[in-house]
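Enquirer: Per my numbering, the sequence shown starts with residue 8, numbered consecutively. Next up is a structure, given as structure tokens.
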Amino acid sequence: MNRLGRYLVIPTARYPLLGSKFAVGRINQFQFKAPIQRYFHNSGSSLVSEERILEDSNDGENNDVENTGVILKEKKETILYFDHLMPLRKGKYDFRSTILGYIYDFTPKGLTNLVLDLCKAPKGETADDVLPLQITKFTPIIRDGGAFVRFRVPEETDIAEFNSQIIARVNRERKLGIFSLLFDPRCYVVKGTPWIEDLRRYPSPNIKIVFEGPDLTQENLYTLFRRYGTIADIIPVKPDSKDAPKTASVRFRTTRAGVSARHCVTGLKVGNTVVHIQYEPLPKDNIITSFIKDHSRIAIPLIIALLATVAVFIFDPIRSFFMEEKITQKFAFQKNVYVKQFLDYFASTRLRMQRLLISDDEKADPTFSNPHVGWTERRDLIKNIKLWLEENVNTFIIVSGPRGSGKRSLVEQGVLDKRENVLYIDCENLIKARKETTFLSAFANEIGFFPIFAWLNTSASFIDLVVQGLTGQKSGLSESKETQVKNMLTLSINVIRDIALTKYNKKASEACSEGRPVPKEEDYLQSNPDDKPVIVIDRYQASRKGSNPNSFVYKELADWASNLITLNIAHVIFITDDIGSVSYLSGALPTTAFKQAVVSDASEASSEEYVINNLADFPNVVKTQRLDLIESTKSFGGRISDLQTFIRRMKNGEAPHEALHGMIIQSCEQLGQLFNSVDTDELNSGFTSPHAWSLIKLLAKSRTVSMDEIMTLPLLKSNPLPILRSMENAGIIAIVRDAGLIKEVKPAKPLLESAFRHMVNDRLIYHNLESVYLNKLMSTENAKIAKFEEEVTKFRGLGDNRMFKERLQYLASKLEVSTKIIKACEDDLKKLLTNQK
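See the structure below:
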């Protein structure tokens, strides 16, 4: 006898309560430990079997396993479970069975043939021992990698003996090739009522047992489940409440053992207890997640650093490619031969249609010739700049001049025409950006930095707050826009260096293959200035727009340009109309010597030649109105932007004086709009319309106004420098400096001189601006008087005022002067009202 006692087989014919097959009982206790099939004919029992449910609820329906999930069998049938016929699925994204299905036949027919091969009799078996095999139902369980097979048991064969022979045949050693090494199927008798469900309960080595009736001991559970595989642990689980079912957990060492136990035992009645089995999910804790949870202060910054490193390795090569393309235009769409042919054909077709549909008077070409054509002074500038680029000695060039003098077109069309590897950066596109994301996108677009995820910085700031709350320190994921700009420029230095050394690398490889000495990179770049890219930084106004929130970009660009020159990998050209920016660059780059080219307004002769050349298609206008044309051209003083506007008006059919008068009116309207804006935002503008009007009246009389005259103006004499600088930034005046000091002031462009005179002579404009000026002057003097009177009242309590006599006399004189000014302003206001009527 073993530890469990003796067992005997009791025929079920005498004891129908024990089931339909047979039962195993213990002799000394007469308690049945493992009846093979659940009882479901006892009307006094509270247990309801699946078979009874199907019998009672069936109304002519099909009770097949596909519809019910339960395999029914006849009296002389048995159900066996074959495990590991194919890979089981351990999760939603486990595709092993799908992949191996291309190698092995996992179809129901293929698996049926495999089962029959496994159940074949061994060689040498006699004819009397041959066991006929008849499969009445084959139900594969793809998720669990096995199959339920229902066999017809011969009439003369006992079911237990049939099961024993099949199990012995399947479990014997056999050679099925590599399939046997991968899967090694086994066979088990299905003792309970198998429940075939398609729920998302994936196979697990851990099974949860729910007892419907008295709970079983650990010894009972071990005896019941040990045949399916090695058991690692048995854990009885106490219910949370009295009404909750009693459960236990059995943990096998292998998943296939848990799968076999689940399919063969579930629904089995053991004594008065029915056993229900389901998979218990494996705990998904691992070392990485545990480390993150337990050491968040270390793990989160480390993860962020790893992500940033991966992002650099992935995106930096992409960004380098797009930056190189921005400079070299190697793969530009317009350079494609077929695209060029299509555009040329489309342009010629468009011109033909215009000739047919547009009248002769409207066929004026709106384009203008290059501004340097025929201008001797500009040809000299172009020649000098080209010479500086070829000399290759500190090619840090500043092209300065008044606004609208054609600096950009001179550099682009005159100096760098048809030159390869040129990068243009427009600072105005960067400064006018209001949002941080817009600024970063604009800057990236200027240098070709792509892709950029500017919106991530906003999200990273929130992540920073979360990480700081969890770890007590910032993650460093969010960066300021200054740091991001520095990172873009740092990457661009490497790209520019690679472009400059493109031909050098080819020559160096050829020299190495031929055994010739390879020159140094510095020597090669010094002797080949044409290989270096040219960086053009346009509209650089560091001094004029220093108060802008994005003005830091001026310093970053200056430092970046200095590094390019120091490394000798590029030529840099700054274009600016801000005289203060020249001084700023001198201070920002003290060790870098730069060359300066000043683009001034054209002479009268060059201006006349430029206008006449551009009106060559209108010979009648040039011939009949030549004197008026020359006289009107003098008002523009050689300013290229105004000359182009004047030519455009002439081509639209306006007479010279009419075009000039229209431009003067337009300038006056622009000044009026500017005055309205600065009056509403006086704090940020730095000046008001009365300040500008007091100076405009002087400039209407004379082309220039000295600093001594400005100091006599009541509204400017107290603090003129910030007001003058603000007016210069607004484009109203131009300041002439001598040794860094203001010498005189003149209109920002020659056309404004005519506009100032028109404003003074126009009755309505003069009345409006003069009224505002007089009221502003009176309010200023009233404020002074109030201040003086407050100081005078402080002397009333003193007994002897003789010691303060001089101070009182001074205050009295100031009060008298301010009173006279106020009185004069009131008289002038009355005259204005009288003249208006």
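C-beta: ideal position from N, C-alpha, C; glycine also. Only a predicted model underlies this, so the values are computations on that prediction, with no experimental measurement involved.
1. Let's test the definition: count the other Cβ atoms within 10 Å of the Cβ of residue 395 and tell me whether it reaches 16, buried, or not, exposed.
2. Quick check on DSSP: helix, strand or coil for residue 117?
3. Which residue comes first and which comes last in the alpha helix (DSSP H) that contains residue 680?
4. Could you check whether residue 283 and residue 219 sit closer than 8 Å to each other, using their CB atoms as the reference points?
5. Where do the ends of the beta strand (DSSP E) carrying residue 109 lie?
6. In or out: residue 365 buried (at least 16 other Cβ within 10 Å) or exposed?
7. Residues in its own chain within less than 6 Å of residue 785 by CB, not counting five upstream and five downstream?
8. For residue 324, which three-state DSSP category applies?
9. Considering only residues of the same chain and omitting the five flanking positions on each side of residue 834, which have a CB-CB separation below 8 Å?
10. For residue 642, which residues of its own chain have a beta-carbon under 7 Å away from its beta-carbon, when the five flanking residues on both sides are left out?
11. In chain order, what residues of the same chain lie with their CB nearer than 8 Å to the CB of residue 432, ignoring the 5 residues before and after it?
12. DSSP three-state label for residue 753, please.
13. Tell me the residue span of the alpha helix (DSSP H) that contains residue 100.
14. Using only the alpha-carbon positions, how far apart do residue 708 and residue 426 sit?
15. To the nearest angstrom, how far is the alpha carbon of residue 532 from that of residue 456?
16. Can you find the residues in the same chain that come closer than 8 Å, C-beta to C-beta, to residue 818, ignoring five residues on each side of it along the sequence?
17. Take residue 392 as the anchor and find which of 579, 571, 273, 119 has the nearest alpha-carbon.
18. Counting only the same chain and skipping the five closest in sequence on each side, list residues whose C-beta sits under 8 Å from that of residue 675.
19. What's the gap between the Cα of residue 584 and the Cα of residue 740?
20. What's the C-alpha gap between residue 208 and residue 288?
21. Quick check on DSSP: helix, strand or coil for residue 213?
22. Classify residue 91 as buried or exposed, calling it buried when 16 or more other Cβ atoms lie within 10 Å of its own Cβ.
23. Three or more C-beta pairs under 8 Å: does that hold for the stretch 233–244 against the stretch 293–313?
24. Who are the Cβ neighbours of residue 557 in its own chain at under 7 Å, not counting the five residues just before and after it?
25. In whole angstroms, give me the CA-to-CA distance for residue 40 and residue 232.
26. Report all residues from its chain with a CB closer than 6 Å to the CB of residue 489; omit the five preceding and five following residues, and keep chain order.
27. To the nearest angstrom, report how far apart residue 318 and residue 243 are at their CA atoms.
28. Does residue 567 pass the burial test, meaning 16 or more other C-beta atoms within 10 Å, or should it be called exposed?
29. Excluding five sequence neighbours on each side, which residues of the same chain lie with their C-beta closer than 6 Å to the C-beta of residue 689?
30. Hey, quick one: how far does the beta strand (DSSP E) through residue 795 stretch, first residue to last?
31. Under 8 Å: do the stretch 715–728 and the stretch 603–612 share three or more Cβ pairs, one atom per stretch?
32. Within the same chain, show all residues whose beta-carbon is closer than 6 Å to that of residue 551, passing over the 5 residues directly before and after it, in chain order.
33. Looking at residue 166: is its Cβ nearer than 8 Å to the Cβ of residue 105?
34. Count the other C-beta atoms from every protein chain shown that fall within 10 angstroms of the C-beta of residue 424, then say buried if there are 16 or more, exposed otherwise.
35. Evaluate residue 649 with the Cβ neighbour count: other Cβ atoms within 10 Å of its Cβ, from every protein chain shown; 16 or more gives buried, anything less gives exposed.
36. Opposite residue 832 in the DSSP bridges: which residues?
Expert: Considering the structure as presented:
1. Buried, since its Cβ has 16 or more Cβ neighbours within 10 Å.
2. If DSSP states are grouped into helix, strand and coil, residue 117 belongs with the helices.
3. Looking at the DSSP string, the run of the alpha helix (DSSP H) that includes residue 680 is 663–687.
4. Against a cut-off of 8 Å, the Cβ pair of residue 283 and residue 219 comes out as a contact.
5. If you look at residue 109, you'll find it isn't in any beta strand (DSSP E); DSSP assigns it neither H nor E.
6. Because the pLDDT of residue 365 is 43, which lies under 50, any placement of that residue in the model is unreliable, and the question is left without a value.
7. Result list for residue 785: 829, 832, in chain order.
8. Residue 324: helix per DSSP, three-state reduction.
9. None.
10. Short of 7 Å from the beta carbon of residue 642, and not among the five residues preceding or following it, lie these beta carbons of its own chain, in chain order: 667, 757, 758, 761.
11. Same-chain partners within the cutoff: 453, 454, 542, 543, 544, 545, 564.
12. DSSP, reduced to helix, strand and coil, places residue 753 within a strand of the structure shown.
13. No alpha helix (DSSP H) holds residue 100; DSSP gives it neither H nor E.
14. Here the alpha carbon of residue 708 sits roughly 47 Å from the alpha carbon of residue 426.
15. For residue 532 and residue 456, the distance between alpha carbons rounds to 25 Å.
16. When the five nearest sequence neighbours on each side are left out, the beta carbons in the same chain lying within less than 8 Å of the beta carbon of residue 818 are those of 795, 798, 799, in order along the chain.
17. The shortest Cα separation from residue 392 among 579, 571, 273, 119 belongs to 579.
18. The answer, listed in chain order, is 762, 765, 766, 769, 772.
19. Rounded to whole angstroms, residue 584 and residue 740 show a C-alpha spacing of 13 Å.
20. Going by the C-alpha atoms only, they are around 8 Å apart.
21. In this structure, residue 213 counts as strand in the three-state DSSP scheme.
22. Residue burial is scored here from C-beta neighbours: residue 91 has at least 16 other C-beta atoms within 10 angstroms and is therefore classed as buried.
23. At 8 Å Cβ cutoff, the stretches do not touch.
24. Leaving aside the five residues that flank residue 557 on each side, the residues in its chain whose CB is nearer than 7 Å to its CB run, in chain order, 437, 438, 440, 446.
25. For residue 40, the pLDDT reaches just 36, beneath the cut-off of 50, and the residue's location in the model is therefore unreliable, leaving the point undetermined.
26. Beyond the five residues adjoining it in sequence on each side, residue 489 comes within less than 6 Å, by CB distance, of 559 in the same chain, given in chain order.
27. If I take the Cα positions, the gap works out to 50 Å.
28. Residue 567 is buried by the Cβ-count criterion.
29. The answer, listed in chain order, is 695.
30. Segment 770–800 is the alpha helix (DSSP H) holding residue 795; no beta strand (DSSP E) there.
31. In short, these stretches do not touch, since the Cβ pair count stays below three.
32. Here the set comprises 585, 736.
33. Not closer than 8 Å, so no.
34. The residue is exposed, with fewer than 16 neighbouring Cβ atoms inside 10 Å.
35. It is buried - the Cβ of residue 649 has at least 16 other Cβ atoms within 10 Å.
36. Partner(s): none; residue 832 has no beta bridge.
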